[in-house]
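Residue numbers (the working numbering): 45 to 206. The C-beta atom is built at its ideal place from N, Cα and C for all residues, glycine as well. Quantities reported herein were computed from a predicted structural model and do not represent experimental measurements. The block underneath contains the structure these notes are about, expressed in structure tokens.
Right, here's the structure in full:
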């Protein structure tokens, strides 16, 4: 009688695990989200931002305009309106963790809604800028753009993530 040896599946499972592990290691640089260089992004933004309507902002502006606690933020770029009659503003936040990102987005969205209501009746021509605002997240980053050239600014920011 010819008896066949039982197949040892343990070796096959180990081999499959090793192959999958190597595939994930190889794909990690491609699939992982890139941290953007905020300093170079700020320099690039400085070249296209219209400083007739915007001025660089700081953490106090973020607290005052968006009611965001600095403990939730790892890094940021902020441009605020020069005056109360200007609607344009730009905010790029890097959250300390992904759990706080929905809270940050809600706070920025509240600011957008408040500004929209104000400008809808106060200065209707600036309301059209607010209607085309960009508010999105990318990894641990939140991007908020209210500008006449929001598409150019958005393209520049998107290219920083590549």
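Three-state secondary structure (DSSP) at residue 105?
Here residue 105 sits in helix by DSSP.
Identify which residue in 192, 135, 127 has its Cα closest to the Cα of residue 169.
The shortest Cα separation from residue 169 among 192, 135, 127 belongs to 192.
Classify residue 111 as helix, strand or coil using the three-state DSSP reduction.
Residue 111: coil per DSSP, three-state reduction.
Determine the direct distance from the alpha carbon of residue 61 to that of residue 178, and round the result to whole angstroms.
If you take the alpha carbons of residue 178 and residue 61, they lie about 43 Å apart.
Okay, do the region 180 to 194 and the region 141 to 152 touch, 3+ Cβ pairs below 8 Å being the bar?
These segments touch.
Does the pairing of the region 114 to 123 with the region 131 to 139 give three or more beta-carbon distances under 8 Å?
Yes, the region 114 to 123 touches the region 131 to 139.
The beta strand (DSSP E) with residue 189 in it runs from where to where?
Where residue 189 is concerned, the enclosing beta strand (DSSP E) stretches over 185 to 190.
Between residue 176 and residue 54, what straight-line distance do the alpha-carbon atoms span, to the nearest angstrom?
Residue 176 and residue 54: Cα-Cα distance of roughly 58 Å.
When the Cβ atoms of the region 146 to 158 are set against those of the region 96 to 108, are three or more pairs found closer than 8 Å?
Not touching, per the Cβ criterion.
Could you pull out every residue in the same chain whose Cβ sits closer than 6 Å to the Cβ of residue 188, ignoring the five residues on either side in sequence?
135, 152, 179, listed in sequence order.
Assuming residue 173 and residue 131 make a contact with CB atoms under 8 Å, what is their CB distance in whole Å?
Yes, they are in contact, since the Cβ atoms of residue 173 and residue 131 sit about 5 Å apart, within 8 Å.
For residue 104, which of 121, 58, 52, 147 has the nearest alpha-carbon?
Minimum Cα distance to residue 104 is reached at 121.
Leaving aside the five residues before and after residue 102 along the sequence, list all residues of the same chain whose C-beta is less than 8 Å from its C-beta, in chain order.
Closer than 8 Å at the Cβ level, and outside the excluded window around residue 102, lie 122.
Using the beta-carbon count (16 or more within 10 Å), is residue 161 buried or exposed?
Exposed is the call here.
The alpha helix (DSSP H) that contains residue 92, what's its start and end?
Unbroken alpha helix (DSSP H) run through residue 92: 82 to 92.
Is residue 210 near residue 186, with beta carbons less than 9 Å apart?
Here the chain comprises residues numbered 45 to 206, so residue 210 is not present and cannot be evaluated.
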